[in-house]
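Sequence order for the protein chains is A and B.
If you count the first sequence from 1, position 90 lands on 90 in my numbering, and the numbers rise without skipping.
If you count the second sequence from 1, position 107 lands on 1107 in my numbering, and the numbers rise without skipping.
Here a beta-carbon is modelled for each residue, glycine too, at the ideal position from N, C-alpha and C.
Report on one structure; see the data block that follows.
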Amino acid sequence: MRIAQTIRTRLEQSLAPERLEIIDESHRHAGHSGASPSGETHFSLVIVTGAFAGKNRVARHRMIYEILDDLMNAPIHALTLSTLTPDEAASAQ
Amino acid sequence: MSDITILDEIKNAVDSTDVLLFMKGSPQFPQCGFSSTVCQILNHLGLEFKSVDVLQNAEIRDGIKQFSSWPTIPQLYVKGEFIGGCDIVREMFESGELAEYLTSKGVTVSS
């Protein structure tokens, strides 16, 4: 849980998310290039925060990539992102 | 002069191609699930697109990440504009935005 915890701490500090889900999907990629036997290479994140208001998808994803910059490529090999404002999350339900 | 940088080459490629996908592998043999998903969406929309296999060229693989300040592959470009990676393309496809956007750019979509 080391990397997942780092992701959580950073995103909570930077974006104060209303909701933050971090799903480790590494097991689904076992044996692929970029996968590591110890896992924690492929994550899926759901982030709901007011900090995304007024920003398009590309800008939102870039915010996440910047916060996690030194973790991208290694140890994080793949990151699936769902980035929503509280309003969008409410209307998606 | 041979001082054309890899970033210039990438810019020329995205500017001169209507729909260009930087991916791992080829549309016939994608080497990554995310690249494969984007190819399936583009095929579903009946788009003619070109692709660049970043696994064949480390310079392009690094360069494309710098080019759009985007650390992951695949990356989709339409008429020189960066659209996004797999998640964004999928969200735009599911909401119908992608087809709308392509049509607004004069790219023919079949569904």
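If I'm right that residue i touches residue j with Cβ under 8 Å, what's the distance once you round it to whole angstroms?
i, j, result
"residue 1027 of chain B", "residue 1051 of chain B", "6 Å"
"residue 1021 of chain B", "residue 1042 of chain B", "7 Å"
"residue 81 of chain A", "residue 64 of chain A", "6 Å"
"residue 1067 of chain B", "residue 58 of chain A", "The pair is not a contact, with the Cβ atoms about 13 Å apart (cut-off 8 Å)."
"residue 29 of chain A", "residue 42 of chain A", "5 Å"
"residue 1112 of chain B", "residue 1025 of chain B", "Chain B is shown only over 1001 to 1111; residue 1112 of chain B falls outside these bounds and no answer can be derived."
"residue 1063 of chain B", "residue 1010 of chain B", "6 Å"
Who are the near neighbours of residue i in its chain, counting only those whose CB is closer than 6 Å to its CB and skipping five residues on each side?
i, result
"residue 1059 of chain B", "1006"
"residue 1001 of chain B", "Only weak support is given to the placement of residue 1001 of chain B: the predicted model assigns it a pLDDT of 49, under 50, and the value that follows is read from those uncertain coordinates. Excluding residues within five positions, none has a Cβ falling inside 6 Å."
"residue 1077 of chain B", "1014, 1020"
"residue 1102 of chain B", "1109"
"residue 53 of chain A", "85"
"residue 1023 of chain B", "1035, 1051, 1074"
"residue 1032 of chain B", "1024"
Would you list the residues sitting across from residue i in a DSSP beta bridge?
i, result
"residue 1077 of chain B", "B:1020, B:1082"
"residue 21 of chain A", "A:46"
"residue 1053 of chain B", "B:1023"
"residue 82 of chain A", "A:46"
"residue 1060 of chain B", "The partner list for residue 1060 of chain B (beta bridge, DSSP) is empty, contrary to what the question assumes."
"residue 76 of chain A", "A:72"
If I measure Cβ to Cβ from residue i and keep anything under 8 Å in the same chain, skipping five residues before and after, which residues do I get?
i, result
"residue 86 of chain A", "18, 48, 49, 50"
Going by beta carbon distance, what residues of the same chain come within less than 7 Å of residue i, once the five residues before and after it are set aside?
i, result
"residue 68 of chain A", "7, 10, 76"
Check: With a cut-off of 8 Å, do at least 3 Cβ pairs link the segment 1017 to 1024 of chain B to the segment 66 to 76 of chain A?
Finding: When C-beta atoms of the segment 1017 to 1024 of chain B are compared with those of the segment 66 to 76 of chain A, fewer than three pairs fall below 8 Å, so the two segments do not count as touching.
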